[in-house]
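Enquirer: The structure that follows is given in the form of structure tokens.
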Amino acid sequence: MSEAQSYKGWQGIKRAFGTPSAATLLFFGFGCGLPFLLIVGGTLSTWLRDIGLALSLIGLLSFASFFYVLKFLWAPLLDRYALPFLGRRRGWLFAAQVLLMLALLAMAHSNPAAHLSTLIAFVALAAFAGATQDILVDAYRIEIVELHAQGALAATYTLGYRIGLIIGGAMALYFAELFGWQTTYTMMAALMLLPIIATVLAREPETRVAIRKVSLYEAFVEPFREFFSRNGAVLALAFLLFVGLYKFPDQMIGVLAGPFYLDSGYTKADIATVSKLYGVWLGIGGAFLGGVCVAAMDVRKLLAVSAVAVAVSNLAFLLMAQNPSEIWAFFAAITADNLAQGFAGTVLVAFMSSLTNQNFTATQYALLVSLANLPGKFVGGFSGYIVEQSSYSTFFIISAASVFPALLLLAWLWKRIGSAQAQA
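Residues 184 to 607, numbered by this note's numbering, are exactly what the sequence shown covers, in order.
Spelled out as structure tokens, the structure:
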């Protein structure tokens, strides 16, 4: 029985979740989720507003998030070069995590009220280190186990990531209220020791392919040339387009979720309880369900099911729009939304992982992830306009209907996906 086949069936599912790599990805996910809100999200903006910084300046700091969208630009260097310790993947991962911890410490001891430019520099450094960590964790996950176990690793990664988001978000705000921002960011930096220790103790992925030494120019060109050459220009573009369209229904409503909850008559306490606590655990449950299904089923069927599930979950928000202030409607919509998102996220991770060549894991996967998230950077500018010109109900219907291009493209790709995965 081959290694890939050994992950089939119920015993295979238990084997996939029981691998030591699944536990490793739990800590790696925590390391990726913890700093995100601290450097490009709500925690940082709350800190800056708390000290009286203008909203316009706070908005400009959000440009640091583009490190996470454009990380494929320096990923080739991580594929091409290795540090002289801990191996090809863990060496860079260790360096990125240490740099991130130091950057968070520097943010903690900066004085944004007096020296904002210094804080901005540290935020940019932390964002770069965080995005680099993401690149390497994705590459490590793809290379450490076979395709059929990718769902399990994606699920445990998601669990760790969501826990990191909770601590870097809700818990950080609570600590800031009790101990102040400097102490809070110092504590958050100290928590990066957990993924750092996991990196030191983890097993380095085996090099299943011959890593060819190339020039710096080839290091940037070859991953993209190989992807288009292996699949052909038309199929390669179709894959990239599909990845971009797949998450579109989810991204459409993500920008307006918070305002919609408030406009529907729910209090901040309702939002925190239902969306930020209950919803997070539902998302984790959906991710684990996706991991089980990836280990047991054809990823093409799962892509179709999860795409439809996300679109249908968008329609569940109609319950809130038509029953404002009703807490049961809030719970129903969040249940559908977070289960579908968690499930679809794991399936997409497994699918994108199967398309990468292990000579260029970091670069090719970073490219796919960037394209999967890039539409969200542009949708936000139009979603509010749609609601203002119509209604929330119409907006949710439009967001659900936006799944059809992805489904049509998936139908065209159906017979081509298997051969592309085998070639990768």
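Ideal placement from N, C-alpha and C gives every residue a C-beta, glycine not left out.
Which first and last residues belong to the alpha helix (DSSP H) in which W464 is found?
Expert: As a first step, residue 464 must be located in the sequence shown, where it is residue number 281. Residues 462–479.
Enquirer: Among P378, A291, A487, which residue has its Cα nearest to the Cα of F362?
Expert: As a first step, residue 362 must be located in the sequence shown, where it is residue number 179. Nearest of P378, A291, A487 to F362, Cα basis: A291.
Enquirer: Excluding sequence positions up to five away, which residues of its chain have a Cβ less than 7 Å from the Cβ of T539?
Expert: For the purposes of this step, residue 539 is taken as residue 356 along the sequence shown, with counting starting at 1. These residues qualify, in order along the chain: I325, Q547, Y548, A607.
Enquirer: Which residue marks the beginning of the alpha helix (DSSP H) containing F255, and which one marks its end?
Expert: Sequence index remark: in the sequence shown, residue 255 carries index 72 (1-based). F255 -> no alpha helix (DSSP H), and no H or E assigned at all.
Enquirer: Looking at Y568: is its Cβ nearer than 9 Å to the Cβ of F500?
Expert: Working through the sequence shown from its first residue, we reach residue 568 at position 385. Working through the sequence shown from its first residue, we reach residue 500 at position 317. Against a cut-off of 9 Å, the Cβ pair of F500 and Y568 comes out as no contact.
Enquirer: Have a look at F443 and L551 and give me their C-alpha separation to the nearest angstrom.
Expert: Reading the sequence shown from its first residue, position 260 is the one you call residue 443. Reading the sequence shown from its first residue, position 368 is the one you call residue 551. Cα to Cα, the separation comes out at about 30 Å.
Enquirer: Shortest alpha-carbon distance to G466 belongs to which of K430, G525, V491?
Expert: Looking up residue 466 in the sequence shown gives position 283. It is G525.
Enquirer: Measure the C-alpha to C-alpha separation of R599 and P203 and round it to an integer number of angstroms.
Expert: Residue numbering aside, residue 599 sits at position 416 when the sequence shown is read from its first letter. Residue numbering aside, residue 203 sits at position 20 when the sequence shown is read from its first letter. Looking at the two C-alpha atoms, the distance is approximately 33 Å.
Enquirer: DSSP three-state label for Q541, please.
Expert: Along the sequence shown, read from residue 1 onward, the residue named residue 541 stands at position 358. Correct three-state label for Q541: coil.
Enquirer: Would you check if there are 3 or more beta carbon pairs closer than 8 Å linking the region 475–487 to the region 457–466?
Expert: Short answer: they don't touch.
Enquirer: Give the secondary structure of G270 by DSSP, where H, G and I count as helix, E and B as strand, and everything else as coil.
Expert: Taking the sequence shown and counting its residues from 1, the one referred to as residue 270 is at position 87. Coil at G270, not helix or strand.
Enquirer: Just to confirm my understanding: we take A206, look at its own chain, exclude 5 residues before and 5 after, and list those with CB closer than 8 Å. What are they?
Expert: Here residue 206 is taken as the residue at index 23 of the sequence shown, counted from 1. T339, listed in sequence order.
Enquirer: Measuring only the C-alpha atoms, how far is E401 from E387?
Expert: As a working note, residue 401 is residue 218 in the sequence shown. As a working note, residue 387 is residue 204 in the sequence shown. When rounded, the distance between both Cα atoms is 25 Å.
Enquirer: Within a Cβ cutoff of 6 Å, which residues of the same chain sit near S178, ignoring the five residues on either side of it in sequence?
Expert: A query on residue 178 cannot be resolved here, the shown segment of the chain reaching from 184 to 607 and no further.
Enquirer: With DSSP run on the structure shown, which of helix, strand or coil describes N506?
Expert: Here residue 506 is taken as the residue at index 323 of the sequence shown, counted from 1. Correct three-state label for N506: coil.
Enquirer: Taking R535 as the reference, which of K430, P507, V495 has the closest Cα?
Expert: Walking along the sequence shown from the start, residue 535 turns up at place 352. A quick correction: the sequence has Met, not Arg, at residue 535. Measuring from the Cα of M535, the nearest candidate turns out to be K430.
Enquirer: Considering just the uninterrupted stretch of the alpha helix (DSSP H) at T339, what are its terminal residues?
Expert: Translated into positions along the sequence shown, residue 339 becomes position 156. Segment 333–349, the alpha helix (DSSP H) holding T339.
Enquirer: Could you work out which residue in N497, A353, D321 is closest to S582 when comparing CA atoms only?
Expert: Working through the sequence shown from its first residue, we reach residue 582 at position 399. Minimum Cα distance to S582 is reached at N497.
Enquirer: Hey, L260 and S553: beta-carbon distance below 9 Å or not?
Expert: Counting from 1 along the sequence shown, the entry for residue 260 is found at position 77. Counting from 1 along the sequence shown, the entry for residue 553 is found at position 370. No, Cβ-Cβ distance for L260 and S553 is not below 9 Å.
Enquirer: Note down the Cα distance separating F513 from L276, rounded to an integer number of angstroms.
Expert: One-based indexing of the sequence shown puts residue 513 at position 330. One-based indexing of the sequence shown puts residue 276 at position 93. Whole-angstrom Cα-Cα distance: 40 Å.
Enquirer: Looking only at its chain, what residues have a beta carbon closer than 6 Å to the beta carbon of W595, apart from the 5 residues adjacent to it on each side?
Expert: Your numbering for residue 595 matches position 412 in the sequence shown. Correct list: empty, nothing qualifies.
Enquirer: DSSP state of T386, grouped into three classes?
Expert: For the purposes of this step, residue 386 is identified with residue 203 of the sequence shown, where counting begins at 1. First, the residue type needs correcting, since residue 386 is Arg and not Thr in the sequence shown. Coil at R386, not helix or strand.
Enquirer: Mind the definition here: the region 334–351 touches the region 298–314 only if three or more C-beta pairs lie below 8 Å; say whether that holds.
Expert: In short, these stretches do not touch, since the Cβ pair count stays below three.
Enquirer: Does I467 have its Cβ less than 9 Å from a Cβ in chain E?
Expert: Of the chains in the structure shown, none is chain E; there is only one protein chain.
Enquirer: Taking the alpha carbon of L285 as the reference point, which residue from F268, A296, A372 has its own alpha carbon closest?
Expert: For this step, residue 285 is matched to residue 102 along the sequence shown. The shortest Cα separation from L285 among F268, A296, A372 belongs to A372.
Enquirer: Since G415 is in the alpha helix (DSSP H), which residue starts that stretch and which ends it?
Expert: Counting from 1 along the sequence shown, the entry for residue 415 is found at position 232. It is not in any alpha helix (DSSP H) - G415 carries neither H nor E in the DSSP assignment.
Enquirer: Quick one: is E389 buried, meaning 16 or more other Cβ sit within 10 Å of its Cβ, or exposed?
Expert: For this step, residue 389 is matched to residue 206 along the sequence shown. By the neighbour-count rule (16 or more Cβ atoms within 10 Å), E389 is not buried but exposed.
Enquirer: Would you mind reading off the limits of the alpha helix (DSSP H) that contains A492?
Expert: The residue given as residue 492 occupies position 309 in the sequence shown. First-last of the alpha helix (DSSP H) with A492: 482–498.
Enquirer: Should Q280 and G235 be called a contact, given that it needs their Cβ atoms to be closer than 9 Å?
Expert: Within the sequence shown, numbered from 1, the residue matching residue 280 stands at position 97. Within the sequence shown, numbered from 1, the residue matching residue 235 stands at position 52. Result no, Cβ atoms of Q280 and G235 do not sit closer than 9 Å.
Enquirer: Please classify G212: is it buried, with 16 or more other beta-carbons within 10 angstroms of its beta-carbon, or exposed?
Expert: Taking the first residue of the sequence shown as 1, we reach residue 212 at position 29. Label assigned to G212: buried.
Enquirer: So M354 and S585 are supposed to be a Cβ contact under 8 Å. How far apart are they, rounded?
Expert: Here residue 354 corresponds to residue number 171 of the sequence shown, with the count starting at 1. Here residue 585 corresponds to residue number 402 of the sequence shown, with the count starting at 1. Between S585 and M354 the Cβ distance is about 35 Å, and since that is not below 8 Å, they are no contact.
Enquirer: Measure the C-alpha to C-alpha separation of E186 and E329 and round it to an integer number of angstroms.
Expert: The sequence position of residue 186 within the sequence shown is 3, counting from 1. The sequence position of residue 329 within the sequence shown is 146, counting from 1. Unreliable placement is indicated for E186, whose pLDDT of 43 sits below 50; the coordinate value is still reported in the next sentence. Approximately 7 Å between the Cα atoms of the pair.
Enquirer: If you measure between the beta carbons of A516 and S489, is that distance less than 9 Å?
Expert: Along the sequence shown, one-based indexing puts residue 516 at 333. Along the sequence shown, one-based indexing puts residue 489 at 306. Cβ atoms of A516 and S489: not closer than 9 Å.
Enquirer: Let me confirm a value: E405 is counted as buried when at least 16 other C-beta atoms fall within 10 Å, else exposed. Which label applies?
Expert: Taking the sequence shown and counting its residues from 1, one reaches residue 405 at position 222. When all chains shown are included, E405 counts as buried.
Enquirer: Can you check which of these residues, I580, G468, T518, L423, is closest to L593 by C-alpha distance?
Expert: As a working note, residue 593 is residue 410 in the sequence shown. It is L423.
Enquirer: For L596, name the three-state secondary structure that DSSP assigns.
Expert: Here residue 596 corresponds to residue number 413 of the sequence shown, with the count starting at 1. Of the three classes helix, strand and coil, the one that applies to L596 here is helix, per DSSP.
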